[in-house]
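Data first, discussion second: the structure below is written as C-alpha cells.
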Amino acid sequence: MNAITLLKNDHKTVEDLFKRFEKLGPRAVKSKQDVVERIIRELSIHAAIEEMIFYPAIRQAVEDGEIEDMVLESLEEHHIVKWVLSELDGMSPENERFDAKVTVLTENVRHHVEEEEHDLFPQVSKRLGRPRLDELGEAMARLKKTAPTHPHPRSPDEPPGNLVAGAGAALVDRARDAGRKLVQQKAPKMSRPKAGSRP
Ligand SMILES: [Fe+2]
Ligand SMILES: [Fe+2]
178 MNAITLLKND
188 HKTVEDLFKR
198 FEKLGPRAVK
208 SKQDVVERII
218 RELSIHAAIE
228 EMIFYPAIRQ
238 AVEDGEIEDM
248 VLESLEEHHI
258 VKWVLSELDG
268 MSPENERFDA
278 KVTVLTENVR
288 HHVEEEEHDL
298 FPQVSKRLGR
308 PRLDELGEAM
318 ARLKKTAPTH
328 PHPRSPDEPP
338 GNLVAGAGAA
348 LVDRARDAGR
358 KLVQQKAPKM
368 SRPKAGSRP
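Numbering (my numbering), first residue to last: 178 to 376.
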C-alpha cells in the first residue's frame with residue numbers, strides 16, 4: 178500500500194474516534210473510557226511508524242530545508258500529543274480534567290493532521306516516486322503489528338534511539354495490553370450453594 182494512503186487511513190480512523198467521543202453524553206463513563214483507550218492505541222502506533230520509518234525516510238530522500246523544518250515541527254507536535262496521551266492513559270473519565278484533556282488532544286491532532294495532509298504529504302508525493310512510497314507503506318503496515326501501543330513521551334523519537342527503545346517499549350506495552358484484557362474478561366460464574374446445603 179502507498180505510504181500516504183496508509184497514513185491518511187490512520188488519520189481517518191482517529192478522526193472517527195474523536196467524533197464518536199464528541200457525541201457521548203457526560204454520563205457515558207464506560208464508552209468514554211473505551212473510545213479514549215482506542216485513541217491512545219491508534220495514535221501511539223501511528224506516531225511510532227511515522228517516527229521510525231516515514232519521517233527519517235523523507236528527510237534522507239529529500240534534502241530540502243522546508244521539508245526538514247516541517248518534519249522537525251511534526252516531531253514537536255507528536256511530543257506534545259504523546260504527553261497528553263500519557264496523562265489520559267489510565268485516567269478515569271470521572272476525573273474533572275478528563276474531557277478538557279481530550280478536547281485539547283483533539284485540537285492538537287486535528288491541527289497536526291491538517292499540516293501533514295495539506296503541506297507535507299503533497300510535497301513528499303511530488304518528490305518520492307511511487308515505488309518508494311509503496312515500499313515505505315509496506316514497511317509501515319508491517320511495523321503496525323509490533324509497534325508500541327502506549328505513548329512514551331520521554332523516549333527518543335528519532336533513529337537509531339527510537340528503533341532500540343521502541344522495540345523494548347512495544348514488548349512491554351503489548352504484554353500490558355494482554356494482561357489488562359485478561360483481567361477484564363469476566364470470571365466464570367460460581368454456582369451458589371443452595372440455602373441449607375452443607376458445604
Ligand atoms: Fe500522521
Ligand atoms: Fe504525524
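All C-beta atoms, glycine included, are put in the ideal place defined by N, C-alpha and C. This one's a predicted model, so the numbers in the text were calculated from it and none came from an experiment.
- According to the Cβ coordinates, are A324 and A225 closer than 8 Å? In this structure, A225 lies closer than 8 Å to A324 by Cβ.
- Task: With L359 as the anchor, note down where its alpha helix (DSSP H) starts and where it stops.
- Result: Under the DSSP assignment, L359 falls in the alpha helix (DSSP H) whose first and last residues are 338-361.
- Message: What does the alpha-carbon distance come out to for the pair V290 and E253?
- Response: Straight-line measurement puts the Cα of E253 at about 13 Å from the Cα of V290.
- Message: Quick test of the definition: if touching needs 3 or more C-beta pairs under 8 Å, does the stretch 227-240 touch the stretch 299-313?
- Response: The answer is yes - the stretch 299-313 touches the stretch 227-240, with three or more Cβ pairs under 8 Å.
- If we count Cβ pairs, one from each stretch, closer than 8 Å, do we get three or more for the stretch 257-267 versus the stretch 318-334? Taking 8 Å as the limit for Cβ pairs, the verdict is that the stretch 318-334 does touch the stretch 257-267.
- Could you tell me whether any non-hydrogen atom of ligand 1 is closer than 7 Å to the CB of H188? Within the cutoff, so yes.
- Message: Our contact map puts I222 next to K321 with C-beta atoms below 8 Å; I'd like the distance itself, whole angstroms only.
- Response: The Cβ separation is near 6 Å, so the contact holds.
- Query: Based on Cα-Cα distance, which residue from P337, G338, Q210, M229 lies nearest to N272?
  - Reply: Between N272 and the set P337, G338, Q210, M229, the nearest pair of CA atoms involves Q210.
- Query: Can we count H255 as close to ligand 2, meaning its CB is less than 7 Å from some heavy atom?
  - Reply: Yes, ligand 2 has a heavy atom inside 7 Å of this Cβ.
- Taking the C-alpha atoms as reference points, what is the distance between V191 and A318? Answer to the nearest angstrom: the Cα atoms are 17 Å apart.
- Under 7 Å from any heavy atom of ligand 1, does the C-beta of L184 make it? Yes, Cβ of L184 sits closer than 7 Å to a heavy atom of ligand 1.
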